[in-house]
Amino acid sequence: MKTLPLDDEAADLALAGGKGSSLARLARAGLPVPGGFHVTTDAYRDFVSRDGLNDQIMEAVSGMPPEEASRRIAALFAEREVPAETAAEIRAAHARLGEDVPVAVRSSATAEDLPDMSFAGQQDTYLNVRGDGLLDAVRRCWASLWTARAIAYRATNGVPQEDVALAVVVQELVPADAAGVLFTANPVTGARDQIVINASWGLGEAVVGGQVTPDTVVVSRIGGEESGEIVEERVGDKTVMTVRVPGGTREEPVPEDLRHRPVLDPAQVTRLARLATEIEVLYGTPMDVEWVRRGETFLVVQARPITRLRQRVEEWNDSLTGDYLWTGANLGEAIPDVMTPCTWSLVQIFIGEAMSTSALPGFTMVGNIGGRFYMNLSVVFSVGHALGMRKRLGAVEQVFGRLPQGLDVPLLPASRWQIVKSVLPLAFTLRKRIAANTTRMPGFLATARQRCEDLRERIAVTATTGELAGLWEAELLPYFVEACRTLEAAGRQGGNILVMTRARLRELAGEQDAEAMLTGANADGELASLGTIVGLERLAAREIDRETFARLYGHRGAHEFEVSVPRPGEDPRWIDSQLAAVPASSGHAGALLGHQREAREAAWKRFAERHPRKVAETRLRVARWNAIVRDRENARSEVVRAFWALRAFVLRAGELTGHGDDLFFLSIQEILTVLRGDDAPTGRVAVRRATYERYAALPAYPTLIVGRFDPERWAADPDRRGDIFDARGGGAPVSDTVTGFPGAPGVVEGVVRVIAGPEDGDRLAPGEILVTTLTNIGWTPMFPRAAAVVTDMGAPLSHASIVARELGIPAVVGTGNATMRLRDGDRIRVDGERGTVELLEP
49 MKTLPLDDEA ADLALAGGKG SSLARLARAG LPVPGGFHVT TDAYRDFVSR
99 DGLNDQIMEA VSGMPPEEAS RRIAALFAER EVPAETAAEI RAAHARLGED
149 VPVAVRSSAT AEDLPDMSFA GQQDTYLNVR GDGLLDAVRR CWASLWTARA
199 IAYRATNGVP QEDVALAVVV QELVPADAAG VLFTANPVTG ARDQIVINAS
249 WGLGEAVVGG QVTPDTVVVS RIGGEESGEI VEERVGDKTV MTVRVPGGTR
299 EEPVPEDLRH RPVLDPAQVT RLARLATEIE VLYGTPMDVE WVRRGETFLV
349 VQARPITRLR QRVEEWNDSL TGDYLWTGAN LGEAIPDVMT PCTWSLVQIF
399 IGEAMSTSAL PGFTMVGNIG GRFYMNLSVV FSVGHALGMR KRLGAVEQVF
449 GRLPQGLDVP LLPASRWQIV KSVLPLAFTL RKRIAANTTR MPGFLATARQ
499 RCEDLRERIA VTATTGELAG LWEAELLPYF VEACRTLEAA GRQGGNILVM
549 TRARLRELAG EQDAEAMLTG ANADGELASL GTIVGLERLA AREIDRETFA
599 RLYGHRGAHE FEVSVPRPGE DPRWIDSQLA AVPASSGHAG ALLGHQREAR
649 EAAWKRFAER HPRKVAETRL RVARWNAIVR DRENARSEVV RAFWALRAFV
699 LRAGELTGHG DDLFFLSIQE ILTVLRGDDA PTGRVAVRRA TYERYAALPA
749 YPTLIVGRFD PERWAADPDR RGDIFDARGG GAPVSDTVTG FPGAPGVVEG
799 VVRVIAGPED GDRLAPGEIL VTTLTNIGWT PMFPRAAAVV TDMGAPLSHA
849 SIVARELGIP AVVGTGNATM RLRDGDRIRV DGERGTVELL EP
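Using the working numbering, the first residue of the sequence shown is number 49, and each one after it goes up by one.
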């Protein structure tokens with residue numbers, strides 16, 4: 049058979065092509081489709097099999113550029129008549145539609161309208177065809193299988209040219225007064241709960257061909273087969289429309305009174321949306337549908353799966369909650385990655401316990417912007433203003449880094465009285481809480497490591513989901529909470545002693561001696577920030593084995609808060625890569641610590657000569673400084689160790705439930721729901737994973753963000769800045785000089801090595817100057833190789849400052865623009881006492 053009725057069961061992809069088989073499916077389902085018939089692929093193959101035409105086609109395609117091949121093949125088709133048997137069948141099928149019924153003749157290729165590939169527009173369509181013009185239109189459709197565009201498209205998508213054939217769909221041409229396309233999912237956002245309808249006057253070719261700006265209506269979908277409300281409507285300036293004329297169609301101007309009039313009224317939108325949903329239910333996938341309207345009747349003229357539909361995503365963006373100043377410094381340096389939903393939920397518990405005063409009613413001091421951790425400095429400044437402490441807000445820079453000169457910090461939309469009324473009760477509660485947890489701190493720190501190891505072992509052997517959920521409630525969560533509260537106590541003890549001691553010592557001893565005197569936090573016991581490099585040197589010297597290294601130091605790394613990432617202690621490759629770098633600087637960390645000890649003793653000697661009566665008091669104050677630094681570092685280390693136990697819990701939950709690493713894309717509360725037998729939260733995994741991948745593909749966002757921030761729009765801006773984004777506009781220009789905080793004293797000249805992440809640390813050769821955005825514990829193994837350290841982010845109490853100071857490596861931190869201004873191979877002078885970086889002549 050060379051023709052088939054439109055709804056024939058035999059009208060599959062092989063015989064009727066993609067468009068034809070889809071229309072047959074719609075017709076058999078009883079959906080409104082104009083009447084018609086198929087000219088099958090057998091008719092096409094019979095045509096090209098005669099007189100060696102197929103061999104001539106293949107010769108042209110394989111031996112000529114697409115444009116030349118297309119012209120040659122079109123001429124070959126034009127020279128030949130449709131075979132008499134085929135022509136008779138086509139005329140008979142057309143006659144069954146009625147007397148000389150005008151029809152639309154559409155190409156339907158066998159490699160067309162597939163779920164993973166769209167050939168839309170690759171072949172031809174002819175409208176308002178009558179009489180003998182039908183056979184000519186069919187032949188021209190056959191020839192359109194070999195347009196230059198179709199040949200190139202198949203080649204690009206790996207479709208063998210010799211395998212394709214073309215069917216033709218012939219349908220009654222509906223004298224439509226309106227037409228358009230619709231999508232049963234939003235093709236721009238990927239939202240599956242929205243239907244998007246485009247509509248214009250006349251036949252649909254002006255819409256499909258892009259000659260007109262149609263109306264656009266977005267309809268929400270309640271669920272199942274129900275369509276919801278119109279959520280967005282834009283009336284297009286419909287300048288032209290396609291109309292029927294004798295022998296075909298043409299474009300005509302839209303009458304003035306119709307140009308700005310909506311094509312569809314609300315009732316018609318609802319009916320069309322319901323029809324669209326029926327089509328999607330039939331196919332089981334989001335669909336692209338071409339429709340026409342005659343009076344109040346809607347008909348479908350084509351339906352195909354939407355290809356390459358953008359995965360629906362969520363928006364993780366707390367910058368949209370108000371006009372605030374956000375910073376990625378301080379804790380954001382320890383959590384530098386885009387967080388999985390599981391990690392973010394655990395970080396929120398951590399913040400709630402370790403920063404119990406971080407929220408005012410209606411406001412929060414922490415946020416998730418594009419998956420990254422930020423702190424809301426507008427809260428800090430608003431509290432400072434309300435309590436009359438504006439002059440002391442300068443101390444904020446010691447913790448969070450320097451703000452650009454002249455930056456107007458937006459304050460919370462709350463009265464002074466509202467803030468005071470909220471803060472004072474928190475302050476009293478905090479004092480009691482800190483006192484209690486400070487008392488418990490030595491006991492917790494003494495047992496925390498063993499407690500974590502025991503919990504990880506018990507998690508690994510848990511046999512049932514219920515048992516694992518019970519272990520969380522009874523032991524893991526209380527352990528995690530205690531670790532967080534211990535860190536809060538360690539960081540809050542001593543009030544402002546960390547800031548005030550440093551300032552006072554500089555007045556008495558000068559910048560360089562003050563910094564040397566403040567080192568030694570590692571002297572009376574190992575400083576946690578230095579644990580990794582000390583441990584690696586001990587491992588390289590065979591003083592400890594790998595198991596001991598993993599147990600003591602394996603929880604610390606560049607991504608230590610992100611529970612989806614293996615800990616260094618789990619990853620033999622990480623240990624191998626770090627050990628490979630140790631021989632070049634074997635014993636270097638110990639030598640640097642020894643050298644710094646000598647510098648510290650010399651500085652104290654000079655201080656005693658200048659201020660003999662202040663030595664005892666100052667030594668007590670510095671000892672207190674060092675003790676606080678050690679407690680804070682040790683407490684932070686144990687919080688991170690707790691995150692290793694939390695990772696083990698999620699991995700075991702994935703094993704017991706069969707959901708594997710999908711659980712990293714659920715919150716901890718949702719994971720507990722799954723463990724208790726309700727798998728409903730896992731339906732959110734695909735969207736969450738797509739959201740995570742969307743944000744993770746973007747560059748790291750600016751250190752400072754003011755106002756509402758769009759990560760994707762910022763990333764696409766060729767003039768984007770990595771130091772600050774201010775939605776209010778303006779802002780200070782990027783400085784031509786590189787200056788920051790004095791992180792650690794000393795002057796060094798050397799060659800720049802810009803390192804994007806710790807995974808690229810092997811690029812840093814001994815004696816080069818490390819330049820990067822930020823550092824955390826995962827960067828520490830690089831420090832002994834570096835002649836100096838320069839960072840975009842940071843403050844005097846940041847990781848880079850503390851470690852560089854202990855090792856006696858000059859450092860300038862918080863420059864804001866070092867990675868924008870410096871390049872690999874530049875020769876620079878780093879002055880860690882003045883906080884300056886000077887570019888030297890080659």
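Heads up, the beta-carbon is just placed ideally off N, CA and C, and yes, glycines get one too.
Test item: CB-CB of residue i and residue j under 7 Å
i, j, result
"residue 297", "residue 282", "no"
"residue 470", "residue 409", "yes"
"residue 724", "residue 511", "no"
"residue 602", "residue 614", "no"
"residue 879", "residue 864", "no"
"residue 763", "residue 747", "yes"
"residue 155", "residue 214", "yes"
"residue 858", "residue 563", "no"
"residue 566", "residue 855", "no"
"residue 342", "residue 218", "no"
"residue 884", "residue 823", "no"
"residue 250", "residue 290", "yes"
"residue 348", "residue 151", "no"
"residue 533", "residue 401", "yes"
"residue 611", "residue 695", "yes"
"residue 374", "residue 419", "no"
"residue 680", "residue 539", "yes"
"residue 105", "residue 121", "yes"
"residue 663", "residue 656", "yes"
Expected contact under 8 Å - CB spacing of residue i and residue j to nearest Å
i, j, result
"residue 54", "residue 71", "6 Å"
"residue 493", "residue 683", "7 Å"
"residue 326", "residue 79", "7 Å"
"residue 888", "residue 871", "About 13 Å separates the two Cβ atoms, so there is no contact after all."
"residue 148", "residue 178", "6 Å"
"residue 158", "residue 62", "6 Å"
"residue 261", "residue 228", "Wrong, their Cβ atoms sit about 12 Å apart, outside the cutoff."
Coarse secondary structure for residue i, derived from DSSP in three states
i, result
"residue 60", "coil"
"residue 374", "strand"
"residue 601", "helix"
"residue 345", "strand"
"residue 461", "coil"
"residue 125", "helix"
"residue 875", "strand"
"residue 834", "coil"
"residue 798", "strand"
N- and C-terminal bounds of the alpha helix (DSSP H) containing residue i
i, result
"residue 432", "425–434"
"residue 466", "464–508"
"residue 81", "Looking at the DSSP string, residue 81 is not in any alpha helix (DSSP H), and its letter there is neither H nor E."
"residue 338", "From DSSP, residue 338 is part of no alpha helix (DSSP H) but of the beta strand (DSSP E) over 335–342."
"residue 322", "314–331"
"residue 534", "525–540"
Exposure of residue i, with buried meaning 16 or more beta-carbon neighbours within 10 Å
i, result
"residue 585", "buried"
"residue 830", "buried"
"residue 626", "buried"
"residue 807", "exposed"
"residue 67", "buried"
"residue 541", "buried"
"residue 50", "buried"
Span of the beta strand (DSSP E) around residue i
i, result
"residue 155", "151–157"
"residue 789", "789–792"
"residue 228", "226–231"
"residue 248", "242–249"
"residue 774", "772–774"
"residue 130", "Segment: none, residue 130 is in no beta strand (DSSP E) and carries neither H nor E."
"residue 296", "296–301"
"residue 219", "214–220"
"residue 289", "288–293"
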